[in-house]
Each structure stands twice: as C-alpha cells, then as structure tokens.
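This note's numbering puts the first residue of the sequence shown at 5, with every later residue one more than the last. Below: one structure, written as structure tokens.
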Amino acid sequence: MVTIRAGTCTATFAFEVGQSIDLDQCERLLSTTVRQTIRPSRRAPAHFSYRPAALRLTQAAGEQFLGTRGCTSVHLVLYDFGAAAVGFTFPLAGATLAALIPLSDQLYGNQDLQTAARQRIESLLATVRPAVTRPRLAEVVEDYVVFELESVTPAVDTESLLRDQGSTLAQVLRGELTSLSTQEIGDALAGTLSVSPTDLAIVDWNAAVLLDPDPEEARLVLEFANVQLLELRWLDAELDAALEEAYDRLTQRRRGGLAGVRLHTPDLDRIGELQADAAILFERVSNALKLVGDQYLSRLYRLVSGRLHLADWDAGIVRKLDTLEGIYGKLNDRATARRLEVLEWIVILLIAFEIVLSLVQG
Numbered sequence: 005m006v007t008i009r010a011g012t013c014t015a016t017f018a019f020e021v022g023q024s025i026d027l028d029q030c031e032r033l034l035s036t037t038v039r040q041t042i043r044p045s046r047r048a049p050a051h052f053s054y055r056p057a058a059l060r061l062t063q064a065a066g067e068q069f070l071g072t073r074g075c076t077s078v079h080l081v082l083y084d085f086g087a088a089a090v091g092f093t094f095p096l097a098g099a100t101l102a103a104l105i106p107l108s109d110q111l112y113g114n115q116d117l118q119t120a121a122r123q124r125i126e127s128l129l130a131t132v133r134p135a136v137t138r139p140r141l142a143e144v145v146e147d148y149v150v151f152e153l154e155s156v157t158p159a160v161d162t163e164s165l166l167r168d169q170g171s172t173l174a175q176v177l178r179g180e181l182t183s184l185s186t187q188e189i190g191d192a193l194a195g196t197l198s199v200s201p202t203d204l205a206i207v208d209w210n211a212a213v214l215l216d217p218d219p220e221e222a223r224l225v226l227e228f229a230n231v232q233l234l235e236l237r238w239l240d241a242e243l244d245a246a247l248e249e250a251y252d253r254l255t256q257r258r259r260g261g262l263a264g265v266r267l268h269t270p271d272l273d274r275i276g277e278l279q280a281d282a283a284i285l286f287e288r289v290s291n292a293l294k295l296v297g298d299q300y301l302s303r304l305y306r307l308v309s310g311r312l313h314l315a316d317w318d319a320g321i322v323r324k325l326d327t328l329e330g331i332y333g334k335l336n337d338r339a340t341a342r343r344l345e346v347l348e349w350i351v352i353l354l355i356a357f358e359i360v361l362s363l364v365q366g
C-alpha cells in the first residue's frame, strides 16, 4: 500500500473573460497580486516563461467541497489574452493512492466547484472590468485536475510504481471507480515522463499525477495548457459563427446599381474585423508561453499538448482562418467587379451625353 506523506490535489477551471486584459492596470486595481512566473526546478533556459507574465491572486477558501475534505486555498490567474483560471487546492497527506480514485471521481465535472469558480471570476471581473477589453464571461469552461505527490511511503521507484500501481493510477487519471481493461490502462498511462528513477509525471486528457518533491512548475505548465485548450475551443466556436455570418453575406441576393457597390463595404469591414480579432487571439494564445530546448518542462508541455490535441485544434483554426480569408477575397472580387461595371456604365453614359450634346449644338 502506497501512502502519501505530503501532497495536494488542484482542480483548475479555465474561463474566457474578454478579448484582452491589461495586466498592468489589473495590478493597480488589485492590491494583493503577484506575477506568476515559471521557475524551472531543473535545468532549463532562463527565458522559459510566460510573455507577459500572468497575474496571480490567492484567496481564502470559504466553501466546503467534497464532504469532509476541506479546500485549503484558492488561486485565480489572469492572462493577457483574455483568459482566467481558478484553482482549488485540497490536501492529500495521509491518504493512500487507492483513496485518490473516489476523489478523482468526485472531481470529474464537479458542478459545485465549477459554480464556485464562476462566481469568483464574476466577482474579480467586476473589479478589473476597466482593464478588460470587451469583457464577457463565456459559458464554455475547461477543467483539469493535478495530483501532486511530493513524497510517498514506502519510497518507490518509477518502474515499480507503474508496474504495481498501474491499474490504480489509471483509475485515478480517468476518474473511474470500476476496474479498467488492460487496453484502457495502457492508454491512460501512455503519457509518462521521468527524469530520475524516483520522479514521474503521468499526463492524461483530464488529469495528471506528478510524483515530484517540487511539482509547482510542472503544475503551472499543465494548467496553462488547459487554458490554451479553453481559448482554442472558444476561438474555434467564434470562427464557426464568423464563417456562418460571412457565408450569409456572400450568398445574399445581389443588388443592382450603386446600392450593389455600397452593399459590400460593410460586409468587407465586418469580415475584416472578424479576421483580425481571430488572428490576434490565435497569435497571443500560441505565443504566450515560450519553450526553448529539449528540457523537462518543454517536454512536459509537448506531452500535455499531445494529450489535449492542441495541434489538431491549431490546424482546424488555421483552416477556418484560411476559409474566412477566401470568403473575404470573393466578396472583395465581387465588389471590385461591381465597381468596374458601374464605371463602365458611367463611361457609356458620358459618351452618349457627349454625342447628344454635339448633335444638339450642331
């Protein structure tokens, strides 16, 4: 039996709160914030960090969740690209590894925690609203759970833990109370990363287990990846709506004369605005965390990116941006053609007027 001597569990919820956030102004509006930076516990490039650094606020945990297991602290994080995250921390000291299975089941899609997280974001947004461009608290939310095992007894090496406790770890990662098949266990444990014989990171699509005496930086990377997933989901949905609107504008009934020329001007302006907003958000989200070199945190980020299929979301968004660009081009070509047609009629009328005038004068 593996018992946790020191450790915590953090359930994080990510939200879309605006187009962008002025973090410097937020610092002036909030008196107890700190800049959240990543301090690699292992060797890594010095410029491995957020750009700009996210803003972190720690609050007291007033609510009771998960029965008798109390929440020790709550942290809120604001990102400049318009996202926010709320993390609830629960102690694990004294619990067995098997006891994490029902805890994971309780945390999976926990509506009480999600509601509490949304309420805290609403309260924070009311304070920092002047620093948020186009403030909105979207319905979409992404949650992720990280189990941080700082020390366990008896001390185990990575290979022994995976061999002897693999089934238990898989149930913890998937939040499943019933035993899993060999195939499902293998899939749940497929995303592993280890630097020494006594540390281990197991990353799945909804949860991760970190066996590490100093897991904070690894957890920050996992939480950031969850925020990225939320933003990509939000952007994908926004692009779907933008494409539908752009297609409606492209296929609407053509009007003749000068009205047909004027019709395309607001269409082009609107689609251009949609393109710019989507492209800027995509760029900010994609470049908020700088990763250089094949170091531990970089490898961990690539691992969680694969489990969350961030590359697939990126590819889908790029395709939709290209489609939006194509619709913009077609509308622009149509507007150009209409302008040329009107100009041709103007030239014809001028020539006709000149002929009539010459006949009258003669």
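From the three backbone atoms N, C-alpha and C, an ideal C-beta is built for every residue, glycine too. Owing to the predicted nature of the structure, the values given are computational and were not obtained by experimental measurement.
The region 234-241 and the region 194-209 do not touch, with fewer than 3 CB-CB distances between them shorter than 8 angstroms. Per DSSP, D147 is not a residue of any alpha helix (DSSP H); the beta strand (DSSP E) it occupies stretches across 145-157. In the pairwise beta carbon analysis, the region 175-183 is classified as touching the region 100-109: at least three pairs are separated by under 8 angstroms. No Cβ-Cβ contact shorter than 9 angstroms links T76 with L61. For C30, the uninterrupted alpha helix (DSSP H) segment begins and ends at 27-33. Shortest Cα-Cα distance from E248 to any of L234, R223, I275 involves I275. The beta-carbon separation of L335 and A246, rounded to 13 angstroms, does not stay under the 8 angstroms limit for a contact.
In summary, E163 is exposed, with fewer than 16 beta-carbon neighbours lying within 10 Å of its beta-carbon over all protein chains present. Note on geometry: alpha-carbon atoms of V364 and I350 lie some 21 angstroms from one another.
The beta carbons of V231 and Y83 sit about 6 angstroms from each other, so the pair counts as a contact at 8 angstroms. Under the DSSP assignment, R167 falls in the alpha helix (DSSP H) whose first and last residues are 162-178. Distances from the CA of A99 to each of E152, E277, C30 were compared; the closest alpha carbon is that of E152. Residue pairing for S24: DSSP places it in a beta bridge opposite T137.
The beta-carbon distance between I8 and A102, rounded to whole angstroms, is 11 angstroms. This is too long to meet the 8 angstroms contact definition.
According to the DSSP assignment, P95 belongs to no alpha helix (DSSP H) but to the beta strand (DSSP E) extending over 87-95. No Cβ-Cβ contact shorter than 9 angstroms links V21 with A58.
For A130, the enclosing alpha helix (DSSP H) stretches over residues 115-132. Contact between the region 142-159 and the region 213-221 is present: three or more C-beta pairs spanning the two stretches fall below 8 angstroms. Across the set A15, Q23, T14, the C-alpha of Q23 shows the shortest separation from the C-alpha of E277.
Sequence-distant partners of L233 (beyond 5 residues in either direction) whose C-beta falls short of 8 angstroms from its own C-beta, in its chain, are A18, E146, L312, L314, W317.
Beta-bridge partners assigned by DSSP to I321: none are found. According to the DSSP assignment, S77 belongs to the beta strand (DSSP E) that extends over 77-82. Looking at the DSSP output, F19 bridges to A88, V145.
Here the alpha carbons of S198 and A222 stand approximately 12 angstroms from one another. Taking C-beta atoms as the reference points, F85 and E227 fail to come closer than 9 angstroms.
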